[in-house]
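Last residue of the sequence shown: 104 in UniProt numbering, with the numbers rising by one and none dropped. To start, the structure itself, in structure tokens.
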Amino acid sequence: MTDLVSLVRYATGVEDELVPYGDRVREKYAAWLTQQEQAGVTFSDTERWWLDRMVSVIASSAGIRVEDLDDAPFIERGGTDGAIRDLGDRAAELIDELNAELTA
């Protein structure tokens, strides 16, 4: 399904080049991480674990919902409760931000 998104974006002229959706998401994630770093925001290894896996879900499902945190692979780190524990109050905000930045 996600590659269909890429095909539609290419066919409608939104994208100049046909690139697999997952590749596009990972490129945008790398750019987002760079922006965060330039703004002085750093993420611990634990936080990066969550972010990296959220990005994997976005790449394969064209988005992520808070409810997805109670599925694999997140459940191995405590699901929603683990995300709140490890990401703090920013957990939901990060999900919204990643969805907005990576699926646009």
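Glycine included, C-beta positions come from ideal geometry on N, C-alpha and C. These numbers were taken from a predicted model, which means no experiment stands behind them.
In this structure, how does DSSP classify residue i when only helix, strand and coil are distinguished?
| i | result |
| --- | --- |
| V66 | helix |
| F43 | coil |
| G13 | coil |
| V19 | coil |
| A104 | coil |
| A72 | coil |
| G88 | helix |
| residue 109 | No answer is possible for residue 109: it lies beyond the span of the chain, which begins at 1 and ends at 104. |
Just to confirm before moving on: does the CB-CB distance between residue i and residue j stay below 7 Å?
| i | j | result |
| --- | --- | --- |
| R90 | P73 | no |
Contact defined as beta carbons within less than 8 Å: I believe residue i pairs with residue j. What is the distance between those atoms, to the nearest angstrom?
| i | j | result |
| --- | --- | --- |
| Y29 | L102 | 6 Å |
| V14 | V55 | Not really, about 21 Å apart at Cβ, beyond 8 Å. |
Out of the options, point me to the one whose CA is closest to residue i's CA.
| i | options | result |
| --- | --- | --- |
| V19 | A59, D81, D96 and Q38 | A59 |
| S61 | A11, Y21, G40 and V8 | Y21 |
| G63 | A100, V8, D16 and D23 | A100 |
| L98 | A11, E17, D23 and W32 | W32 |
Check: When the Cβ atoms of the stretch 76-87 are set against those of the stretch 48-61, are three or more pairs found closer than 8 Å?
Finding: Remark: three or more beta-carbon pairs, one from each stretch, lie closer than 8 Å, so the stretch 76-87 and the stretch 48-61 are flagged as touching.
Notebook entry, point to check: Counting Cβ pairs closer than 8 Å, one from the stretch 58-70 and one from the stretch 30-47, do we hit at least three?
Noted result: Taking a cut-off of 8 Å on C-beta distances, the stretch 58-70 does not touch the stretch 30-47, as fewer than three cross pairs fall below it.
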